[in-house]
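Read the structure below first, then the notes.
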Amino acid sequence: MSAVQSIKIGSRPNLFHFTRRSQPMVDRADGIYLWDKSGRRYIDGSSGAVNVNVGHGNRNVIDAMKRQLDRVSFAYIFQFENEQAVTLARELADRLPNGLDRIYFVSGGSEAVEACLKLARQWAVATGQDKRWKIIGRMPSYHGITLGTLAVTGDDVLTKTFDPIGRPMPLVPAPFVHRNRDNLSVDERGIRYANMLEEKILEQGPESVLAFIMEPIGGAATAALVPPDSYFARIREICDRYGILLIHDEVMTGIGRTGKFLGGDHWSCRPDIVALSKGLSSGYAPLGALAATERIVGPVVAAGGFLHGHTYGGNPVACAAGVAVLGEVDRLGLVENSAVMGEVLRGELEALSGRFPFVADVRGKGLFMGAELYADPLARTPLPQNLNANLRLIDLAFERGLIIYSRRVRGGPVSDNFMVCPPLITTREQIGEIIAVLGDTLEALA
Ligand code: PLP
């Protein structure tokens, strides 16, 4: 009997990943649902890892990939151009704002962010600014799991474990404006948080600072934290003042997830470099990309080219998936659906917060919604960590056939939280279904 056949469904597989957690064996998936081998159905309220934007089992994406497999399954990016990569680059450049039209393909989110950091550094070297190397991140935050991306991630356990290999970079606080107790308006608080970037730059020495990296709307680490409007313009102003590059990590927020093509499009942001992945292939193939302006890419190319390149970068089948996904996003109006259904979901989550007062601070944009769990919501007292409320919440939901997203981050003011991020094809009725199960789950947690 092969190792795979010997796995008891629902028992501890542990054959291909290093974890003690037992998980059911997935059997099939369609739309916003997955089924395991025992026939149990799960609502995908997290779109996998917030990546299956067009939903499961999309025939147009699958057929496009099959057609590409029949023509060319692989052609090395340093030997051949391939039509799918060229088309996808063009399609992306058409949709991205403010001159972000130089595209580079990689195989995932961490690689995309890692490549952004490397491109920024190469730009500095190519433009005679060798002393610039520090990349300021935020606490808490998540930018990936490779050593370079961990260095800019704000998570005490993740970064301290690997320090000094991926020595942590300077961090500034994420804009948790709703936590402040002062007489300032939300926009004034936004400015105050943005000014902390300037303070950090001055503390570090402006000539040593290369870039600032942030998610326009916080994802895994902050459960859909939306900064105030004032934050964005001030951040750009500060970056310009000190000649610092602005990198937007849109790995989770990109490709319609928040009700605009990019999360930053809610504020007409002008990042110099953007990381994309997740929704770009919607989980049909490993794919990521970075987009940058000519101002950044030009000097790097002139100096000899980008010192990057993985075997699977620009893979034709992955890019075929990307082209088909963008086609489906347009054909099905998924950016608009995310915006409209996001408001329905917000209303329902706020109603749940009324029913279960320990759920508070419902926030987000589009189908990218989150909330926090508090011991005392008025005082914003977090739940004791040893209760493991976020893990219990995920498990209780899973037992009831609903998948939601929750990740405990160590560091910063965040308490236990969760996100509801179903595929962008989700209907009003399906949101009702999600909320009914979530209500039962919170009842069991209370
Ligand atoms: N950046 C952000 C904002 C993410 O949310 C993630 C993953 O959750 C990553 C980067 C890393 O992406 P991946 O898991 O594809 O390496």
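Numbering (UniProt numbering), first residue to last: 1 to 446.
Yeah, the Cβ is synthetic: ideal placement off N, Cα and C, and Gly gets one too.
Based on Cα-Cα distance, which residue from the options lies nearest to residue i?
| i | options | result |
| --- | --- | --- |
| alanine 115 | Phe74, Gly309 and Asn183 | Gly309 |
| asparagine 51 | Gly288, Gln385 and Arg392 | Gly288 |
| phenylalanine 368 | Glu250, Arg331 and Leu383 | Glu250 |
| phenylalanine 105 | Leu276, Arg428 and Ile435 | Leu276 |
| glutamine 430 | His248, Pro97, Met341 and Ala29 | Met341 |
| leucine 245 | Cys269, Arg380 and Ile255 | Cys269 |
| cysteine 239 | Ile217, Pro377, Leu225 and Ile273 | Ile273 |
| valine 209 | Thr161, Val125 and Gly263 | Val125 |
| arginine 380 | Arg400, Gly401 and Pro357 | Pro357 |
| proline 97 | Leu34, Ala446, Trp267 and Arg400 | Trp267 |
| arginine 408 | Asn386, Gly401 and Arg179 | Asn386 |
| histidine 178 | Gly263, Leu378 and Leu383 | Leu378 |
| lysine 118 | Ser107, Leu290 and Gly279 | Leu290 |
| arginine 400 | Asn388, Pro413 and Ala436 | Ala436 |
| proline 164 | Asp376, Thr311, Ala151 and Glu207 | Ala151 |
| alanine 318 | Ala64, Thr19 and Pro228 | Ala64 |
| arginine 132 | Glu207, Arg21 and Phe80 | Glu207 |
| leucine 307 | Gln122, Gly108 and Asp70 | Gln122 |
| arginine 71 | Phe80, Asn337 and Pro316 | Pro316 |
| glycine 57 | Arg192, Gly128 and Arg28 | Arg28 |
Indicate, with yes or no, if ligand 1 has a heavy atom lying under 7 Å from the CB of residue i.
| i | result |
| --- | --- |
| methionine 169 | no |
| residue 454 | The requested residue 454 is not part of the displayed model; the chain covers only 1 to 446. |
| glycine 219 | yes |
| glycine 366 | no |
| residue 447 | Absent from the structure is residue 447, since the part of the chain shown begins at 1 and ends at 446. |
| alanine 49 | yes |
| methionine 252 | yes |
| serine 46 | no |
| serine 281 | no |
| glutamate 215 | yes |
| aspartate 101 | no |
| aspartate 30 | no |
| aspartate 249 | yes |
| serine 406 | no |
| valine 52 | no |
| valine 226 | no |
| serine 268 | no |
| valine 300 | no |
| valine 113 | yes |
| serine 277 | yes |
Can you list, in chain order, the residues of its chain whose CB lies under 8 Å from that of residue i, leaving out five sequence neighbours each side?
| i | result |
| --- | --- |
| arginine 355 | Gly439 and Leu442 |
| glutamate 433 | Ile43 |
| asparagine 195 | Arg234 and Ile238 |
| arginine 428 | Met341 and Val344 |
| arginine 95 | Phe261 and Leu326 |
Given residue i, which residues of its chain have a CB within under 6 Å of its CB, disregarding the five upstream and five downstream residues?
| i | result |
| --- | --- |
| histidine 17 | none |
| serine 110 | Gly144, Ile145, Thr146 and Thr149 |
| alanine 444 | Leu396 |
| glycine 219 | Met252 |
| glycine 45 | Leu402, Ile403, Ile404, Val420, Pro422 and Ile434 |
| leucine 262 | Glu250 and Gly254 |
| arginine 410 | Asp155, Asp156 and Val157 |
In its own chain, which residues sit with a C-beta less than 7 Å from the C-beta of residue i, not counting the 5 before and 5 after it?
| i | result |
| --- | --- |
| valine 359 | Leu352, Ser353, Ala371, Leu373 and Leu442 |
| phenylalanine 418 | Ala223, Gly370, Ala371, Asn390, Leu393, Ile404, Tyr405 and Ser406 |
| glycine 55 | Gly31, Ile32, Pro423 and Ile425 |
| alanine 339 | Gly259 and Gly366 |
| leucine 197 | Ile136, Val172, Phe212, Ile235 and Ile238 |
| glycine 279 | Asn51, Asn53, Gly254, Ile255, Gly256 and Arg257 |
| residue 451 | Any answer about residue 451 is impossible in this case: the structure gives the chain only from 1 up to 446. |
| leucine 100 | Val274, Ala291, Ala292 and Thr293 |
| glutamate 348 | Ile431 and Ile435 |
| valine 335 | Gly256, Gly259, Lys260, Phe261 and Val329 |
For this session: Would you check if the segment 318 to 332 and the segment 273 to 285 touch, i.e. whether three or more CB-CB distances between them fall below 8 Å?
Result: yes
Exercise. Are there three or more Cβ pairs, one per stretch, closer than 8 Å when the segment 29 to 40 is compared with the segment 296 to 303?
Worked result: no
Exercise. Can at least three beta-carbon pairs, one atom from the segment 156 to 171 and one from the segment 131 to 143, be found at a separation below 8 Å?
Worked result: yes
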